[in-house]
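Here's the structure we're looking at; comments come further down.
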């Protein structure tokens, strides 16, 4: 019958429409982003798996993308305007120095991020799809972190995972102190970035563990959180530990109030003194903490120049200071100037403002639902914690 034909999948992916297929492909894009099949399986090394998946998803969702980029929709989504503005700022940062090769390379590189973002806001258009994406990210990142923990602990050697020995200051005897830190794969090869991912994944695991509609299998999320905790310790990241504290404060604030958030912060600070090793030793007068402050000073000093408006050029910070800033906001203002740096901060400011307004409205309603879908209501504090963690880690 016609009804049966309309419900038949239109492809081997399993979707009944181009929109569904674009969604499933986007989930596969995120799995590929974390698990890196081209690195995990040598036979796939030369295959452009990620590129094929994301472009296929892009073309299948063109109608949704067109709707998302219409002016009435853009006026309701200031974050999208900021992200598009950052692309313009990247080009202008090099155009101001007449560096045309830099314009081409940097804009093409950032365009990849922009395509991912546009797909995200266009395809994830329902609570069900949002929950499916979050579960995919939680599972894929948990598996990736598990592989890294196994490799770091020496249980099994994965060739595509390489950890790093970092300088951690100088001893009283004048010898360089080094620490062996766990790295991730792909874009998470920096231990500090991996630590932020671990905290974010932990929040997602807690979200799914607390799902009242979940099956008894939800206790598997506890095992995942244990692995994530071990992974956070293995990164030896002070920033990751601070990120965990910030996320915890923001998570308890809307539900339990300021006193509980302050208590959470005090307990976290006390816990840091108990932790052995570099994570519990936060010192701004020596070691990497002091080095980073000097790097930030180099970047901020560059703004006292004709580069104030459009910056020194995207990707040029290392040439200026010798190393990366390890602070994305300082990095953005130095490389993209006041114009690009403001747009970059705007991406996070408007996200935080939206969550803050929803949380206040939720508190004023005194328990009455503010969303038509109860799952969005439940997700709100977790979203706030994730945003706070990511901003703190940057």
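In the numbering used here, the protein residues as written are 1128 to 1521.
Glycine residues also receive a C-beta, built at the ideal position from the N, C-alpha and C atoms.
**Prompt:** Okay, do the stretch 1185-1201 and the stretch 1145-1159 touch, 3+ Cβ pairs below 8 Å being the bar?
**Reply:** A contact exists between the stretch 1185-1201 and the stretch 1145-1159.
**Request:** Specify, as a first and last residue, the run of the alpha helix (DSSP H) that residue 1335 falls within.
**Result:** Residues 1318-1336.
**Message:** What does the Cβ neighbour count give for residue 1312, buried or exposed, with the cut at 16 atoms within 10 Å?
**Reply:** Buried: at least 16 other Cβ atoms inside 10 Å.
**Asked** Under the DSSP definition of a beta bridge, which residues are partnered with residue 1307?
**Response** Per DSSP, 1292.
**Request:** In the DSSP assignment, find the alpha helix (DSSP H) that holds residue 1166 and state where it starts and stops.
**Result:** Residue 1166 -> alpha helix (DSSP H) spans 1164-1167.
**Prompt:** What distance in whole Å lies between the Cβ atoms of residue 1335 and residue 1265, which are believed to be in contact at a cut-off of 8 Å?
**Reply:** Going by Cβ atoms, the distance from residue 1265 to residue 1335 rounds to 6 Å, so yes, they are a contact pair.
**Item:** alpha helix (DSSP H) segment containing residue 1455, residue limits
**Value:** Counting along the chain, the alpha helix (DSSP H) containing residue 1455 begins and ends at 1455-1491.
**Prompt:** Cα separation between residue 1287 and residue 1199?
**Reply:** Between the C-alpha atoms of residue 1287 and residue 1199 there is a straight-line separation of about 46 Å.
**Request:** Compare the Cα-Cα distances from residue 1434 to each of 1455, 1467, 1453, 1454 and report the closest residue.
**Result:** 1467 is the residue among 1455, 1467, 1453, 1454 whose C-alpha sits nearest the C-alpha of residue 1434.
**For residue 1117, three-class secondary structure by DSSP** = No statement about residue 1117 is possible, as the shown extent of the chain runs from 1128 to 1521 and does not include it.
**Reference residue 1438; option with closest CA among 1390, 1226, 1510** = Ranking the options by Cα distance to residue 1438, first place goes to 1226.
**Asked** Taking one C-beta from the stretch 1370-1382 and one from the stretch 1508-1520 each time, how about it: are there three or more such pairs within less than 8 Å?
**Response** Judged by Cβ distances under 8 Å, the stretch 1370-1382 makes contact with the stretch 1508-1520, as three or more pairs qualify.
**Message:** What does the alpha-carbon distance come out to for the pair residue 1455 and residue 1463?
**Reply:** In this structure, the straight-line span from the alpha carbon of residue 1455 to that of residue 1463 is close to 11 Å.
**Asked** Quick one: is residue 1496 buried, meaning 16 or more other Cβ sit within 10 Å of its Cβ, or exposed?
**Response** Per the 10 Å Cβ criterion, exposed.
**Message:** Just to check my reading of the structure: residue 1183 and residue 1249 have Cβ atoms closer than 8 Å, yes? What is that Cβ distance to the nearest angstrom?
**Reply:** Contact between residue 1183 and residue 1249 is absent: CB atoms are separated by about 14 Å, not below the 8 Å threshold.
**Asked** Does DSSP put residue 1437 in a helix, a strand or coil?
**Response** Reduced to three states, the DSSP call for residue 1437 is coil.
**Request:** Indicate whether residue 1516 and residue 1353 have their beta-carbon atoms separated by less than 8 Å.
**Result:** Result no, Cβ atoms of residue 1516 and residue 1353 do not sit closer than 8 Å.
**Asked** Going by C-alpha distance, which of 1302, 1363, 1393, 1520 is nearest residue 1370?
**Response** Answer by Cα proximity: 1520.
**Request:** Would you identify the three-state DSSP class for residue 1340, choosing helix, strand or coil?
**Result:** In this structure, DSSP gives residue 1340 a state outside helix and strand, which the three-state scheme calls coil.
**Asked** What first and last residue would you give for the alpha helix (DSSP H) that runs through residue 1257?
**Response** Note, residue 1257: alpha helix (DSSP H), 1254-1279.
**Message:** Assess contact between the stretch 1197-1214 and the stretch 1241-1255, defined as three or more Cβ pairs (one per stretch) separated by less than 8 Å. Is contact present?
**Reply:** The stretch 1241-1255 and the stretch 1197-1214 touch, with three or more beta-carbon pairs separated by less than 8 Å.
**Request:** Quick one: grab the DSSP three-state call for residue 1147.
**Result:** If DSSP states are grouped into helix, strand and coil, residue 1147 belongs with the helices.
**Prompt:** Do you know how far the Cα of residue 1310 is from the Cα of residue 1275?
**Reply:** Looking at the two C-alpha atoms, the distance is approximately 7 Å.
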